[in-house]
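**Student:** The structure follows.
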Amino acid sequence: HNGFSRRLTDEEFDRYSRQMIVPGMGREAQLRLINSKVLIIGGGGLGCPAAQYVAGAGVGTIGIIDGDVVEPSNLHRQVGHATSRIGMKKVDSLITHLRDLNPLPTYTPYTYPISPENAADIISQYDLVLDCTDNPATRYLISDVCVLLCKPLVSAASIQKSGQLIVLNCPPTPQGKVDKKYPPCYRCCFRKPPPANTQLSCGEAGIMGPVVGLMGVAQAGEAIKILASALHLPSSIPSNPEDDPHNLIQPTLLIYSYDLTAAPGPFTFRALKMAPRKKNCFACGENSPQTLTLEGVKSGNPNYIQFCGIQTPKIVL
Amino acid sequence: HNGFSRRLTDEEFDRYSRQMIVPGMGREAQLRLINSKVLIIGGGGLGCPAAQYVAGAGVGTIGIIDGDVVEPSNLHRQVGHATSRIGMKKVDSLITHLRDLNPLPTYTPYTYPISPENAADIISQYDLVLDCTDNPATRYLISDVCVLLCKPLVSAASIQKSGQLIVLNCPPTPQGKVDKKYPPCYRCCFRKPPPANTQLSCGEAGIMGPVVGLMGVAQAGEAIKILASALHLPSSIPSNPEDDPHNLIQPTLLIYSYDLTAAPGPFTFRALKMAPRKKNCFACGENSPQTLTLEGVKSGNPNYIQFCGIQTPKIVL
Amino acid sequence: MAPEIETMPIWVDFAGGLQTLFSNKPNHMISLPIFNPSDFSPANVGFLISHLVKNHLKHPQTEFFVQEDGHLTPGILVLINDVDWELEGEEEYELKPGDNVIFVSTMHGG
Amino acid sequence: MAPEIETMPIWVDFAGGLQTLFSNKPNHMISLPIFNPSDFSPANVGFLISHLVKNHLKHPQTEFFVQEDGHLTPGILVLINDVDWELEGEEEYELKPGDNVIFVSTMHGG
Ligand SMILES: [Zn+2]
Ligand SMILES: [Zn+2]
Numbered sequence: 036h037n038g039f040s041r042r043l044t045d046e047e048f049d050r051y052s053r054q055m056i057v058p059g060m061g062r063e064a065q066l067r068l069i070n071s072k073v074l075i076i077g078g079g080g081l082g083c084p085a086a087q088y089v090a091g092a093g094v095g096t097i098g099i100i101d102g103d104v105v106e107p108s109n110l111h112r113q114v115g116h117a118t119s120r121i122g123m124k125k126v127d128s129l130i131t132h133l134r135d136l137n138p139l140p141t142y143t144p145y146t147y148p149i150s151p152e153n154a155a156d157i158i159s160q161y162d163l164v165l166d167c168t169d170n171p172a173t174r175y176l177i178s179d180v181c182v183l184l185c186k187p188l189v190s191a192a193s194i195q196k197s198g199q200l201i202v203l204n205c206p207p208t209p210q211g212k213v214d215k216k217y218p219p220c221y222r223c224c225f226r227k228p229p230p231a232n233t234q235l236s237c238g239e240a241g242i243m244g245p246v247v248g249l250m251g252v253a254q255a256g257e258a259i260k261i262l263a264s265a266l267h268l269p270s271s272i273p274s275n276p277e278d279d280p281h282n283l284i285q286p287t288l289l290i291y292s293y294d295l296t297a298a299p300g301p302f303t304f305r306a307l308k309m310a311p312r313k314k315n316c317f318a319c320g321e322n323s324p325q326t327l328t329l330e331g332v333k334s335g336n337p338n339y340i341q342f343c344g345i346q347t348p349k350i351v352l
Numbered sequence: 036h037n038g039f040s041r042r043l044t045d046e047e048f049d050r051y052s053r054q055m056i057v058p059g060m061g062r063e064a065q066l067r068l069i070n071s072k073v074l075i076i077g078g079g080g081l082g083c084p085a086a087q088y089v090a091g092a093g094v095g096t097i098g099i100i101d102g103d104v105v106e107p108s109n110l111h112r113q114v115g116h117a118t119s120r121i122g123m124k125k126v127d128s129l130i131t132h133l134r135d136l137n138p139l140p141t142y143t144p145y146t147y148p149i150s151p152e153n154a155a156d157i158i159s160q161y162d163l164v165l166d167c168t169d170n171p172a173t174r175y176l177i178s179d180v181c182v183l184l185c186k187p188l189v190s191a192a193s194i195q196k197s198g199q200l201i202v203l204n205c206p207p208t209p210q211g212k213v214d215k216k217y218p219p220c221y222r223c224c225f226r227k228p229p230p231a232n233t234q235l236s237c238g239e240a241g242i243m244g245p246v247v248g249l250m251g252v253a254q255a256g257e258a259i260k261i262l263a264s265a266l267h268l269p270s271s272i273p274s275n276p277e278d279d280p281h282n283l284i285q286p287t288l289l290i291y292s293y294d295l296t297a298a299p300g301p302f303t304f305r306a307l308k309m310a311p312r313k314k315n316c317f318a319c320g321e322n323s324p325q326t327l328t329l330e331g332v333k334s335g336n337p338n339y340i341q342f343c344g345i346q347t348p349k350i351v352l
Numbered sequence: 003m004a005p006e007i008e009t010m011p012i013w014v015d016f017a018g019g020l021q022t023l024f025s026n027k028p029n030h031m032i033s034l035p036i037f038n039p040s041d042f043s044p045a046n047v048g049f050l051i052s053h054l055v056k057n058h059l060k061h062p063q064t065e066f067f068v069q070e071d072g073h074l075t076p077g078i079l080v081l082i083n084d085v086d087w088e089l090e091g092e093e094e095y096e097l098k099p100g101d102n103v104i105f106v107s108t109m110h111g112g
Numbered sequence: 003m004a005p006e007i008e009t010m011p012i013w014v015d016f017a018g019g020l021q022t023l024f025s026n027k028p029n030h031m032i033s034l035p036i037f038n039p040s041d042f043s044p045a046n047v048g049f050l051i052s053h054l055v056k057n058h059l060k061h062p063q064t065e066f067f068v069q070e071d072g073h074l075t076p077g078i079l080v081l082i083n084d085v086d087w088e089l090e091g092e093e094e095y096e097l098k099p100g101d102n103v104i105f106v107s108t109m110h111g112g
């Protein structure tokens, strides 16, 4: 009854055959996608394309959380929305689009922002999380809760002509396990947020549609890799990650630099090797069970807003 | 009256402000986009995401040509279509989606395949062409006509877990001009098609949605670069390309290799330097005005089907 | 015991699906003899291709990589140190230790 | 005339928007003195940062790159030869000629 040994329905076969025949995929990987639950946090410039390809690929349960409504200034890059849905909650607008693209998945809307109070309740219901949000406080919150709940996290961000992507906590590894090369969390890679006066949003600094679009599509690509390889399942945690056959677990930061005045070149895409989980990490390190707990997060400890500062941005970068 | 000095309307400003404030863009570049005409050939896995971001960015006139109808097996990757539009011409389906994303551009549907008979009449009405097709014969045809009509071409292709992208004939340079480092055409880079028995389509060999999606988004990114820099205008042809300040004109083949079993790495994206226009090229070389003409193409010379062979593919790669 | 042959390391990469023919590995370090044993000429890209076919091409459908005349199948691009081989002399390019040669199969799907 | 100072070439790249602070150029070849003139210690990444601030940072808003104490602004990642600098010793890493140092501003937009 676990759904992994059943046949595909004719409709599933019709929809997914073109990806199932790709070497390395096949029926088993397709069933893993169908049996997976993915949470997309943010229904904007990253979330729209990411959701299109996650839904198209047949992930069986897709949750989307975002408190915003669709605005005209979103539509140059947020291609899952529409002029006729301006004013609608982004989550409802995007799910309208996705349901027509692929009616087979179960879509769960959360039409409010993710918060320290609700994050664990929501994230606990999924196998893998896509961070498609737009501010540092939320990024630290999501990573912390993913560590606490042992969920892999595909995190991307983009501004102006730059984008970044990194897969975190994959394979999902319990908090405090640091003796071997276990995977880093967001705090391992980005220990402190930038000062509030240097933080910029897409609204203030601008964003090229194809740049954030490319990062969102790439997020879907990484999520599909992880799910197809079953790397999101707790059983995938190797006792010694250095012996693991999965090349998937090398923590890698992908940086995209789009240049309006130059053809793509050797520096357009860079894949940078990141360090493994850090002993002294506040969220996942040796003593982290003392510094970060689910109860703490829920009751305001750490204080993410204070940690990241109040944003009074100067537009420059 | 040429539209380059006018003010933006409030609605244009609402929609495009987030990209206009990106350094290197601005009002002038936005007006160039609004005054541009882009032809997207193929409304499938490349054409859907490319069209979304070209339309979102505000390109003023968008033509789309494709003779196919929407099928269920398209929808895992052709994210501009929908289940409710299965059986509809892809062009009509995609324009339905785009019009709701951005109603400001003029959309022109061509609901039949591009052919030697109609290619020049259609392409002549545009400033820049996106090749989002799926077979070699059409790719050679499109490139030949772009050379003859002096149009820049953003060509992409994708199969299974690989993608490629190259900007051709940019800045658009008259046929036969080869004494300096002028830009190559498709034939300069790919002189002969692969034997018919080694040609594979996405239907036969399969395709991962995020792979073709990423290439389509990247095509839109390259098109926007060219239009924003006015590199599509005949006046942009430098008398000596080696002195040109535009780094945009270095012919570069971008190769994307998606690996289901590995994190992104230094070989995931490669930007490869291609040779400039070739003296002996059949389409754009020194003597090409004798070998390739608009009249010839229209009357069946060259014979593209014969040149590329009849496809009897063996599924292997 | 065969006499020892002096070799040099060449980094060979396959993309666009060609890796399927070479043990599904996209990146290879090849120990290439520094001379072509058939005529003792310095190893060039033409010799590398025949060496790859003889020693590394494990797939029965060799026509995806080489034609019967031993030349590369049309539709395969070759890049030497990230530059189109037509700028470097094609098959005649004499390889140096550490050179990187990429074979990319042209794609047509969309 | 000042005495000649021995230097080494270091490839410095800026990404994520930081290039805006450095003449809008993402890729720089820096001629870095091989010794830190303040204490004659071998040039390390900490010295590179102060050298960049002194000689190449043309933008008035220096707080996007360094703090008042001379240390890098939080939120900037440093990669030495494509590897996170925390694996390499951070500011203490002693540079070799030809090393590549990348500074990436962490992004948060979406
Ligand atoms: Zn951590
Ligand atoms: Zn040519």
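Protein chains in written order, with this note's numbering: chain A, 36 to 352; chain B, 36 to 352; chain C, 3 to 112; chain D, 3 to 112. Just so it is clear, CB atoms sit at the ideal spot from N, CA and C, and this is done for glycine as well.
Could you tell me whether any non-hydrogen atom of ligand 2 is closer than 7 Å to the CB of residue 223 (chain B)?
**Tutor:** yes
**Student:** Ends of the alpha helix (DSSP H) at residue 221 (chain A)?
**Tutor:** Note, residue 221 (chain A): alpha helix (DSSP H), 221-224.
**Student:** Is residue 77 (chain C) near ligand 1, with its Cβ less than 7 Å from a heavy atom?
**Tutor:** no
**Student:** For residue 320 (chain A), is the beta carbon positioned less than 7 Å from some heavy atom of ligand 1?
**Tutor:** yes
**Student:** Give me whichever residues DSSP pairs with residue 306 (chain B) in a beta bridge.
**Tutor:** B:289
**Student:** For a contact defined as C-beta to C-beta under 9 Å, what are the partners of residue 102 (chain D) on chain F?
**Tutor:** In the displayed structure, chain F is absent; the protein chains listed are A, B, C and D.
**Student:** How about residue 96 (chain B) and residue 140 (chain B): do their beta carbons lie closer than 8 Å?
**Tutor:** yes
**Student:** How long is the line joining the alpha carbons of residue 306 (chain A) and residue 338 (chain B), rounded to whole angstroms?
**Tutor:** When rounded, the distance between both Cα atoms is 44 Å.
**Student:** Expressed to the nearest angstrom, what Euclidean distance is found between the alpha-carbon atoms of residue 69 (chain B) and residue 40 (chain B)?
**Tutor:** 12 Å
**Student:** So for residue 110 (chain D), helix, strand or coil by DSSP?
**Tutor:** coil
**Student:** Among the residues of its own chain, which have a CB less than 8 Å from the CB of residue 155 (chain A), if the five just before and after it don't count?
**Tutor:** Closer than 8 Å at Cβ, skipping near neighbours: 180, 183, 184, 329, 332, 333.
**Student:** Is the closest heavy atom of ligand 1 to the C-beta of residue 313 (chain A) under 7 Å?
**Tutor:** Yes, since a heavy atom of ligand 1 falls inside the 7 Å radius drawn around the Cβ of residue 313 (chain A).
**Student:** Can you tell me the Cβ-Cβ gap for residue 193 (chain A) and residue 221 (chain A), rounded? I've got them flagged as a contact below 8 Å.
**Tutor:** That pair is no contact at about 16 Å.
**Student:** Distance check for residue 159 (chain A) and residue 46 (chain C), CA to CA, integer angstroms please.
**Tutor:** 58 Å
**Student:** For residue 296 (chain A) versus residue 282 (chain B), is the C-beta spacing smaller than 8 Å?
**Tutor:** yes
**Student:** Is residue 173 (chain B) helix, strand or coil by DSSP?
**Tutor:** helix
**Student:** Could you have a look at residue 34 (chain C) and say whether DSSP puts it in helix, strand or coil?
**Tutor:** strand
**Student:** Residue 48 (chain A) by DSSP, collapsed to three states: which one?
**Tutor:** The answer is helix: DSSP assigns residue 48 (chain A) an H, G or I state.
**Student:** Check whether the Cβ of residue 34 (chain C) lies closer than 8 Å to any Cβ atom in chain B.
**Tutor:** At a cut-off of 8 Å between beta carbons, residue 34 (chain C) makes no contact with chain B.
**Student:** Tell me which residue opens and which closes the alpha helix (DSSP H) that residue 339 (chain A) is part of.
**Tutor:** 339-343
**Student:** Round the Cβ separation of residue 215 (chain A) and residue 276 (chain A) to the nearest angstrom and send it over; I've been treating them as touching at under 8 Å.
**Tutor:** 5 Å
**Student:** Who are the near neighbours of residue 123 (chain B) in its chain, counting only those whose CB is closer than 7 Å to its CB and skipping five residues on each side?
**Tutor:** 104, 105
**Student:** Using 8 Å as the limit for Cβ to Cβ distance, is residue 51 (chain B) near chain A?
**Tutor:** yes
**Student:** State the Cα-Cα distance for the pair residue 244 (chain A) and residue 111 (chain A), rounded to the nearest angstrom.
**Tutor:** 6 Å
**Student:** Would the segment 18-30 of chain D count as touching the segment 41-57 of chain C if we require 3 or more Cβ pairs under 8 Å?
**Tutor:** no
**Student:** Going by DSSP, what residue range makes up the alpha helix (DSSP H) through residue 128 (chain B)?
**Tutor:** 125-136
**Student:** Go to residue 49 (chain D), then tell me how far its alpha helix (DSSP H) extends in each direction, as first and last residue.
**Tutor:** Here the alpha helix (DSSP H) through residue 49 (chain D) covers 47-57.
**Student:** Can we count residue 228 (chain B) as close to ligand 2, meaning its CB is less than 7 Å from some heavy atom?
**Tutor:** no
**Student:** Please report the distance separating the alpha-carbon of residue 45 (chain A) from that of residue 92 (chain A).
**Tutor:** 16 Å
**Student:** Could you name the residues of chain A that residue 28 (chain D) contacts, counting a contact when the two beta carbons are closer than 7 Å?
**Tutor:** Within 7 Å Cβ-Cβ: 292, 302.
**Student:** Kindly indicate which residue of A:308, A:126, A:53 has the alpha-carbon position closest to the one of residue 218 (chain A).
**Tutor:** A:308
**Student:** Just tell me which of B:300, B:251, B:289 has its CA closest to the CA of residue 168 (chain B).
**Tutor:** B:251
**Student:** Within 8 Å (strictly less), CB to CB, does residue 220 (chain A) reach chain D?
**Tutor:** no
**Student:** To the nearest angstrom, how far is it from the Cα of residue 126 (chain A) to the Cα of residue 143 (chain B)?
**Tutor:** Within the model, the alpha-carbon separation for residue 126 (chain A) versus residue 143 (chain B) is close to 31 Å.
**Student:** Does DSSP classify residue 144 (chain B) as helix, strand or coil?
**Tutor:** In the structure shown, the three-state DSSP call for residue 144 (chain B) is strand.
**Student:** Taking 7 Å as the cut-off, does the CB of residue 209 (chain B) come closer than this to any heavy atom belonging to ligand 2?
**Tutor:** no
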